[in-house]
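Just so we're aligned, residue 1287 is where the sequence shown starts under my numbering, counting upward by one.
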Amino acid sequence: MNPSTSGKKTRPVSEYLPILGFALVLCYFMYGVAIRELTGELSDYSGHVYVYIATFTGESALKGWMMSPYFLWHAVVLFFKTVLKLPVENSAAAASCVFYLASYFITVFMTEKWCSHNELRIPVTLTGFFSFALTMIQPIWISFLDAGASRSVGVFSFNPLYSPTHMAARPFALLCFMLVIDLWELSQSRGSFFFGLSRIKALVVLSVTLFISAAAKPVFAEMFIPAVGIMMLFECIFSFVKNKESGKTYLKEFLLPAFCAAIPAIVFIFAMFFLFINMGGSYTDTEGVVITPFLQVWSIYSENIPLSMLFMMSFPIYILIIDSKNFLRSVAGKLGIISFVTGFLEAAFLGEGGDKLGHGNFIWPMMFGILLLWASAMLHFLTMEKKTSARFARFLICLGWILILIHVHYGFQYLFEVFGWDFMIF
């Protein structure tokens, strides 16, 4: 026996079959969603294919980019069409599957690393289900408790499967989430949580990943950069209060480098809006960002905003009720809360002038804030589930799993409605 490997226990490949099985199911459904969404004249899929049709057909390489400079999903569609010679519709569906699967496998990685760090051992099947659930669950929707104009409008989802560009940014959002947690752990003189990178390498990877997320869709960076900035600024102030030297060290080694890491994404976003305003796109020179009355834009979509928030945030709210003390102590919990609050405030106060006020485009950053809060709440729930032994606490854990399964049910209900199948419609 090789002494260098005798202490390590590796799982046989066959144990990972449940993870691959969930990936196959996810791919099947998401490919079908994309194909069916493309037939809708007003769907996001149809719109994003339409604005790039000159690029896809070879008429003009730059025309589509000038219409929609966040190009990552479109670039993958172009690859499938030009290199693999697939029809545009199949290329669009295949490109979306790439990003859906990327989100899924990144969540598998995140879950495995989280459990390893917290000395938890969960079955591979649970890892696959957990990752599958986080990729496709939807908010609760009960028609006789109407909180919005339709299922996906008013009760907003962190899995808007109808939006190819939002879902293209999603895997990079999760990577940025993990990288910032690593940086936070390093700033507290603890080891890197997920990736095992040094401070400099983590900052470089964060910068690249954040830029790619902006190239997919800038709304994640619009939420995440100020959220992380606020979180690090408060930590820097606390460091100065405790010890002036430690405050200076934090400022020099973490706060300022993190700002520098965000500069490429910030520059890209400003360049993108310059193209929108001056070279076409969906904007005109008479429109721009405006400060609106509190929740004015959201009120266009929802009859009952508190109920809408409860339907989409029920599980994180449940975690805050049963274990807020430990959740808010964790780095993931703090980052999830600050991300959601930042996105919520952007959705509450920001809008666009003219006819685009009703488009609600500043609600998209909040949907990424919801994603990070859900992710942090579900990871924390895994820790609670494995470390809880008291009878009442186990009862609360059981209720938590039921709540997750309810959201999974609504995820399947959404998918089955897209496919035109009956599935327990309330």
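C-beta atoms are modelled at their ideal positions from N, C-alpha and C, and glycine is treated no differently.
Note that the structure is a prediction, hence the values are computed from the model and not measured.
Measuring C-alpha to C-alpha distances from Ile1649 to each of Trp1660, Gly1637, Asn1612 identifies Gly1637 as the nearest. If you look at Leu1541, you'll find it isn't in any beta strand (DSSP E); DSSP assigns it neither H nor E. Rounded to the nearest angstrom, the gap between the Cα atoms of Arg1615 and Leu1606 is 12 Å. For Glu1638, the enclosing beta strand (DSSP E) begins and ends at 1636-1638.
Between the region 1548-1555 and the region 1657-1664 there are fewer than three C-beta pairs closer than 8 Å, too few to call the two in contact. Taken in chain order, the whole beta strand (DSSP E) runs of length 3 or more contained in the region 1572-1629 are 1575-1577. DSSP places Val1704 within a helical segment (H, G or I) once states are collapsed to three.
Judged by their CB atoms, Gly1440 and Ser1594 are nearer to each other than the 8 Å cut-off. With 16 or more other Cβ atoms inside 10 Å of its own Cβ, Lys1367 counts as buried.
For Trp1427, no alpha helix (DSSP H) segment is defined, and its DSSP state is neither H nor E. Contact between Met1518 and Leu1541 holds, with the beta-carbon distance rounding to 5 Å and staying under 8 Å. One thing to note: Ala1488 has its Cβ no nearer than 8 Å to the Cβ of Phe1458. Annotation: Cys1546 to Lys1528 spans about 25 Å, alpha carbon to alpha carbon.
In the three-state DSSP reduction, Val1337 falls in the helix class (H, G or I). Gly1440 carries a strand assignment under DSSP once its states are collapsed to helix, strand and coil.
Taking a contact as a CB-CB distance under 8 Å, the pair Ala1320 and Ser1382 counts as one, their CB atoms being some 5 Å apart. Here Asp1641 is exposed, its C-beta having fewer than 16 other C-beta atoms within 10 Å. The alpha-carbon of Lys1371 is positioned some 20 Å away from that of Gly1318. Nearest to Phe1497 by C-alpha distance, out of Phe1442, Lys1534, Gly1646, Phe1556, is Phe1556. Contact annotation, Thr1421 with Leu1461: C-beta distance approximately 15 Å; criterion of less than 8 Å not satisfied. The criterion of a C-beta distance shorter than 8 Å is satisfied by Ile1467 and Val1617.
With a threshold of 16 other beta carbon atoms within 10 Å, Glu1323 meets it and is buried.
Sequence-distant Cβ neighbours of Pro1512 in its own chain, meaning closer than 7 Å and more than five residues away, are Thr1628.
Secondary structure of Asn1647 (DSSP, three-state): helix. Residue Phe1635 holds the alpha-carbon nearest to the alpha-carbon of Pro1579 among Ala1347, Phe1635, Lys1534. Under the Cβ criterion (8 Å, minimum of three pairs), the region 1300-1315 counts as touching the region 1389-1396.
With respect to the C-alpha of Pro1355, the residue from Val1299, Ser1443, His1334 having the closest C-alpha is His1334. Gly1622 and Gly1644 have their C-alpha atoms spaced approximately 27 Å apart. Bounds of any alpha helix (DSSP H) do not take in Glu1301, whose DSSP letter is neither H nor E. Across the structure, Met1316 and Gly1706 are spaced so that their CA atoms are roughly 14 Å apart. In this structure, the alpha-carbon of Ala1633 lies about 17 Å from that of Asn1445.
Sequence-distant partners of Tyr1338 (beyond 5 residues in either direction) whose C-beta falls short of 6 Å from its own C-beta, in its chain, are Gly1350, His1360. Measuring C-alpha to C-alpha distances from Ser1300 to each of Pro1409, Ala1347, Val1384, Pro1373 identifies Pro1409 as the nearest.
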